[in-house]
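Okay, so here's the structure we're looking at.
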Amino acid sequence: MQNQKKIILNDETDYGECFACGPKNPYGLKLKFIEEKNTVKTTFKCTKEYQGFPGYTHGGIITTIIDEVMSRVSVLEGKWASTAKLDLRFKKLIPINENILAQAKKIRILGKFIQIEGKIYLSDGTIAAEGKGMFAILNENSLKEMSKDYPSLSKNWMY
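Here the sequence shown stands for residues 207 to 365, numbered as in my numbering.
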């Protein structure tokens with residue numbers, strides 16, 4: 207039996223400063239992820255701090271959430287990837303105080319890229335946003351350079 211590395215979707219390292227998922231970032235979204243049937247999911251309550259037009263969640267926050275959940279799909283493949291292209295469609299405004307579900311799954315691997323699709327659902331199941339993205343797979347040298355100041359991040363999460 208092969209020795210497989212445990213898939214870790216959430217940052218519990220000495221870094222933790224990512225705006226989208228970092229538990230140590232006081233201004234961040236603090237997203238937490240789960241994997242279910244090869245799909246990555248997260249939930250978020252869109253509070254007034256994240257509004258654009260009065261009473262509605264800012265599109266940049268929605269973009270951040272869908273981008274982050276999509277980026278986690280590469281981790282299921284044992285890789286880290288960075289957004290190369292993101293194409294989103296906003297279908298419904300998301301009111302503040304709305305609990306949303308964001309989910310993403312792999313479409314296919316194309317050489318050094320992973321094509322991923324993602325959706326954000328309102329609490330009633332309506333699709334509020336959906337999109338596709340191309341994510342560039344990061345090589346080990348890039349990961350080492352990015353995580354060099356954070357030994358736990360480097361050892362336990364990046365590779």
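Ideal Cβ placement from N, Cα and C applies to all residues, glycine included.
Option nearest Gly240 by Cα separation, candidates Ala287, Ser353 and Thr249: The amino acid at residue 240 is misidentified as Gly; the sequence shows Ile. Checking every option, the nearest Cα to that of Ile240 belongs to Thr249.
Segment contact, 8 Å Cβ cut-off, at least three pairs: the stretch 227 to 241 with the stretch 257 to 266: When Cβ pairs closer than 8 Å are counted between the two stretches, the stretch 227 to 241 is seen not to touch the stretch 257 to 266, the count staying below three.
Rounded straight-line distance, which links the Cα of Phe319 to that of Asp293: The straight-line gap from Cα to Cα measures roughly 15 Å.
Asn305, DSSP secondary structure in three states: Of the three classes helix, strand and coil, the one that applies to Asn305 here is strand, per DSSP.
Alpha-carbon spacing of Asp220 relative to Gly317, whole angstroms: Rounded to whole angstroms, the gap between the alpha carbons of Asp220 and Gly317 is 32 Å.
Straight-line gap, Gly339 to Glu283 (C-alpha atoms, nearest Å): Near 16 Å, if we compare the C-alpha coordinates of Glu283 and Gly339.
For Gly266, three-class secondary structure by DSSP: It is helical.
Cα-Cα separation, Asn209 to Asn347: With a pLDDT of 40 at Asn209, under the threshold of 50, the modelled position of this residue cannot be trusted; read the value that follows with caution. Distance between the alpha carbons of Asn209 and Asn347: 23 Å.
Residues bridged to Asp217 [DSSP beta-bridge criterion]: Secondary-structure assignment with DSSP links Asp217 through no beta bridge to anything.
Inter-residue Cα distance where the pair is Arg278 and Val246: So the alpha carbons of these two residues sit roughly 7 Å apart.
Simplified DSSP state of Glu241, which is helix, strand or coil: The answer is strand: DSSP assigns Glu241 an E or B state.
Neighbour-count burial assignment, Lys325, 16 or more Cβ in a 10 Å radius: Burial check for Lys325: the Cβ neighbour count within 10 Å reaches 16 or more, so the residue is buried.
CA-to-CA distance, Pro301 to Lys312, given in whole angstroms: Cα to Cα, Lys312 sits roughly 28 Å from Pro301.
Glu351 CB to nearest heavy atom of the ligand NAD below 8 Å: By its list of ligands, the structure shown contains no ligand whatsoever, and the ligand NAD lies outside what it can speak to.
Buried versus exposed call for Thr270 [16 or more other C-beta atoms within 10 Å across all chains shown]: With 16 or more other Cβ atoms within 10 Å, it is buried.
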